[in-house]
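Quick notes on the structure that follows.
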């Protein structure tokens with residue numbers, strides 16, 4: 002796993018979608034609960050089908066936390082309990098300062114992040130695999146980065162987002 006390069010001007014809060022961004026599936030449609038971790042550390046569903054997380058994700062979250070940047074999860078899933086369970090089973094739950102995981106418009110998620118954290122929208126960076134969410138959240142001033150669902154979150158995608166945020170911030 003490569004180490005990400007962080008520019009000088011950093012966001013104060015980085016927000017990640019979950020389905021097709023941190024992991025390569027929709028938690029509410031692709032697997033059958035309950036989910037659990039096997040003795041060899043794999044996360045599986047009730048059929049023993051393995052549920053993988055994108056390989057760079059744990060290290061990315063650790064690097065962001067090490068930079069003292071707050072992290073949030075914003076998911077519109079119809080199965081919030083499953084998404085929250087996966088955060089724990091993948092051992093990444095501890096990285097998230099804020100979690101808004103429920104159906105509905107992502108703007109509501111961001112309003113809650115803003116209220117809870119005090120971070121201005123222009124100091125947030127957002128990663129999501131759905132163009133409609135990128136459009137909606139960009140309109141409120143958040144630097145928003147499209148994540149190709151066939152690849153998911155990678156160090157390269159993180160760096161592109163950090164650079165775009167830094168450039169936007171330097172122009173203000």
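Residue numbers (my numbering): 2 to 173. All C-beta atoms, glycine included, are put in the ideal place defined by N, C-alpha and C.
Here the stretch 14-24 makes contact with the stretch 51-69; the two share three or more CB pairs at distances below 8 Å. Pairwise C-beta distances place the stretch 44-51 out of contact with the stretch 140-160, as fewer than three of them are shorter than 8 Å.
Relative to residue 120, the option among 8, 12, 7 whose CA is nearest is 12.
When the five nearest sequence neighbours on each side are left out, the beta carbons in the same chain lying within less than 7 Å of the beta carbon of residue 22 are those of 128, 129, 130, 148, 153, 154, in order along the chain.
DSSP lists 75 as the bridge partner or partners of residue 101.
Between residue 96 and residue 66, the gap from beta carbon to beta carbon is short of 7 Å.
Annotated three-state conformation of residue 28 is coil, per DSSP. Between residue 75 and residue 107 a beta carbon distance of about 6 Å is seen, short of the 8 Å cut, so the two are scored as contacting.
Taking residue 9 as the centre and dropping the five residues before and after it, the same chain places the C-beta of 167 closer than 8 Å to its C-beta, in chain order. For a cut-off of 8 Å, the C-beta gap from residue 54 to residue 91 is around 5 Å, short enough to register as a contact.
Our two residues, residue 79 and residue 93, have alpha carbons roughly 21 Å apart in a direct line. Straight-line measurement puts the Cα of residue 38 at about 4 Å from the Cα of residue 44.
Under DSSP, no beta-bridge partner is assigned to residue 18. In the DSSP annotation of this structure, the continuous segment of the beta strand (DSSP E) that includes residue 129 starts and ends at 125-129. Comparing C-alpha distances from residue 56 to each of 31, 29, 25, 35 shows the shortest one belongs to 25.
In this chain, residue 145 is not harboured by any alpha helix (DSSP H); it is covered by the beta strand (DSSP E) spanning 144-147. In this structure, residue 158 keeps its C-beta atom at 7 Å or more from the C-beta atom of residue 5.
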